Amino acid sequence: MTVLMQVVINGILLGSMYGIAAAGLSLIFGTMRIIFLAQGTMIVFFAYVTYWLFVKAGIDPYLCLLIVVPLAFLVGLGLFYSLFRKAVALEDRNVTLLLAVGLMYLVDNAMLKVWSATPRGVTISYSDAMIVVRGIRVPWLRLALLGLAFVSALVVFWFLKRTRVGTAVRAASEDIEATKIQGISAIWVCAISFAVGIGLAGVAGVGMATVFSFDYQFGFTFAIKALVALALGGIGNVFGALAGGLLLGIIENLAAYYWGIAWIEVASYGIFMLVLIFLPQGLFGRRALVKKV
Amino acid sequence: MANLLLEVKELCVSYGDVRALLGVSLEVEEGSIVALVGSNGAGKSTLLKAVAGLLHPSGGQVLFMGLDLGNLNTKHRVDRGIVLVPEGRRLFQTLTVLENLRLGAYIPKARANYDESLERVFGLFPVLKERANGKAGLLSGGEQQMLAIGRAVMAHPRLVLIDEASLGLSPILTRTIFELIVALNQQGTTVLMVEQNIHMALKICSRAYVMKTGHIVLSGTGEELLANVDVRKAYVGERGSKL
Chain E
1 MTVLMQVVIN
11 GILLGSMYGI
21 AAAGLSLIFG
31 TMRIIFLAQG
41 TMIVFFAYVT
51 YWLFVKAGID
61 PYLCLLIVVP
71 LAFLVGLGLF
81 YSLFRKAVAL
91 EDRNVTLLLA
101 VGLMYLVDNA
111 MLKVWSATPR
121 GVTISYSDAM
131 IVVRGIRVPW
141 LRLALLGLAF
151 VSALVVFWFL
161 KRTRVGTAVR
171 AASEDIEATK
181 IQGISAIWVC
191 AISFAVGIGL
201 AGVAGVGMAT
211 VFSFDYQFGF
221 TFAIKALVAL
231 ALGGIGNVFG
241 ALAGGLLLGI
251 IENLAAYYWG
261 IAWIEVASYG
271 IFMLVLIFLP
281 QGLFGRRALV
291 KKV
Chain Z
1001 MANLLLEVKE
1011 LCVSYGDVRA
1021 LLGVSLEVEE
1031 GSIVALVGSN
1041 GAGKSTLLKA
1051 VAGLLHPSGG
1061 QVLFMGLDLG
1071 NLNTKHRVDR
1081 GIVLVPEGRR
1091 LFQTLTVLEN
1101 LRLGAYIPKA
1111 RANYDESLER
1121 VFGLFPVLKE
1131 RANGKAGLLS
1141 GGEQQMLAIG
1151 RAVMAHPRLV
1161 LIDEASLGLS
1171 PILTRTIFEL
1181 IVALNQQGTT
1191 VLMVEQNIHM
1201 ALKICSRAYV
1211 MKTGHIVLSG
1221 TGEELLANVD
1231 VRKAYVGERG
1241 SKL
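Just so you know, the sequences run in chain order E and Z.
For what it's worth, this note's numbering labels the leading residue of the first sequence as 1, then goes sequentially.
For what it's worth, this note's numbering labels the leading residue of the second sequence as 1001, then goes sequentially.
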């Protein structure tokens, strides 16, 4: 029983990364219908930035959040205005998907050039610190990451529910043309939600740097995992995306525990397919989304 | 002659190869209700969209308070006081009534008048106040139309463009909505409305234009058109018309 608990808790801790990544994807998809496949690559990029700040400037990774997250937000604005501004106006969504794929490979290979293929990771004085409760071991850093995931989700939730721009983002994800009619700049609303989505990639990047050993190729797998989490959680719901991420983490760890590590990917993609086939609105998604189609 | 608020001159709009407006001209006086009537596909909604800046004309001019709006986008037109209540209402269904109204007051000028506008909307449509925290998608058809108009009022408009307010509503509800449009107009807001319910529209408007296949074919005061034999035959339920 203790072992099983440990497996589930490890899963939750792993899943918090997926959850943050999925929340970012959800925002970007919600307003612009862009499947931003480069989300994982952006996370790896910000993990490298965190790594650099730590190695070159000796800044504690958690202090790095104060630099990396605003930086990620600005990078998001820049990416949106340079790459997606024209493409989101097109009826054909494939262009945005291709742009995301192109960006992913471009940045992946640029990172290979700059940081080499050697896996990187940040080791801090408290990297190995654990809390042990009744034989269940919880590493501090992973717990902090879970906390970070919840705080990020709360901040995004607050942004969407309580701010004027956030309300406009929700409105735009329902009917972008109708937001224009209110005199709202649709491009600005898209830019903001894109930037917040990339800001979340910044949060996840800091988490990745502290908890994983990562390399330049990590991004694609991570983006796909985030998509799986999103499918589980349902689009248009920050907490759903987070819950989907946690669930995916648990599923992966249970599969590894019962069937062996080789089954991790089979289990997660198998469930991905099953959810898409039988519950396309996600486990916690809004039913209205299905009606629209 | 009173002040002209809106002047549309020889406006042409095409969708690809299909020409929807073929040189339409009309005038809206400040403080009036102007109705634009005609059968389906006549180009009425197209005209409203072009005035709202959602479609770009291929020729002609739209003047608002004497200034040519040119290719100004919708946002800038809302800033100047032209607000559209779109066909089919286009409410944000998953947002609350109050959130819909807040989004209506998004531009800075409207934001500055938020409290006053909200009071005005709740005065016109008390039911929206009762339902303020309910989801817009759960309102009845009539209430949704009230919210759509209320959302436009929140933008502090000089001219409200209303596209098919009676769509999908019972005759009784249509009458209620029309009475509210008159009340809104009496508070000083100018209205240009596209309407299928021609009889009621002609009764409340001070001036009306009849459109057919991209042209204005007839215009006059509401009473004149109500008395016009062709209009009666074509649109008010009598048979055998030339229009």
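The C-beta atom is built at its ideal place from N, Cα and C for all residues, glycine as well.
Computed from a predicted structure; not experimentally measured.
Along the segment 175–186 of chain E, going in chain order, the ones with a CB nearer than 8 Å to a CB of chain Z are D175, E177, A178, T179, K180, I181, Q182, G183, I184, S185. Within a 10 Å sphere around the beta-carbon of M5/E sit fewer than 16 other beta-carbons, which makes this residue exposed.
In the pairwise beta carbon analysis, the segment 10–22 of chain E is classified as touching the segment 229–248 of chain E: at least three pairs are separated by under 8 Å.
Taken in chain order, the members of the segment 155–174 of chain E whose beta-carbon sits within less than 8 Å of a beta-carbon on chain Z are R164, T167, A168, R170, A171, E174. Scanning the segment 183–243 of chain E for uninterrupted alpha helix (DSSP H) segments of 4 residues or longer gives 186–211, 218–233, listed from N- to C-terminal end. The continuous stretches of alpha helix (DSSP H) do not include S1014/Z, which lies in the beta strand (DSSP E) extending over residues 1004–1015. DSSP, read as helix, strand or coil, puts Q1061/Z in strand. Runs of the alpha helix (DSSP H) lying entirely within the segment 1025–1090 of chain Z, each at least 4 residues long, are 1044–1052, 1074–1080 in chain order. Residues of chain E whose Cβ lies closer than 8 Å to the Cβ of A1052/Z are, in chain order, I181. About 26 Å separates the beta carbon of R1090/Z from that of I35/E, a gap too long to meet the 8 Å contact definition. Around the CB of M130/E, fewer than 16 other CB atoms lie within 10 Å, so the residue is classed as exposed. Non-local C-beta neighbours of G1141/Z in its own chain, meaning closer than 6 Å and more than five positions away in sequence, comprise G1168, L1169, ordered along the chain.
When Cβ-Cβ separations below 8 Å define contact, L1147/Z makes no contact with chain E. Identification of chain E residues near Y1106/Z by a Cβ-Cβ cut-off of 8 Å yields R164, A168, Q182, G183, I184, ordered along the chain.
Take R33/E, set aside five residues on each side of it, and the residues of its chain with a beta-carbon closer than 6 Å to its own are R93, in chain order. Contact annotation: in the segment 1058–1084 of chain Z, residues whose CB is within less than 7 Å of a CB in chain E are T1074, K1075, V1078, D1079, L1084. A Cβ-Cβ distance of about 4 Å is found for the pair C1205/Z and A1035/Z, placing them in contact under the 8 Å criterion. The beta carbons of L1005/Z and V1037/Z sit about 20 Å from each other, so the pair does not count as a contact at 8 Å. The C-alpha of W188/E is placed about 25 Å away from the C-alpha of L1048/Z. Annotated three-state conformation of T1176/Z is helix, per DSSP. When the five nearest sequence neighbours on each side are left out, the beta carbons in the same chain lying within less than 6 Å of the beta carbon of V122/E are those of Y51, F54, P61, A209, T210, in order along the chain. By the C-beta density criterion, A1110/Z is buried, having at least 16 other C-beta atoms within 10 angstroms.
When DSSP states are grouped into helix, strand and coil, I34/E belongs to the coil group.
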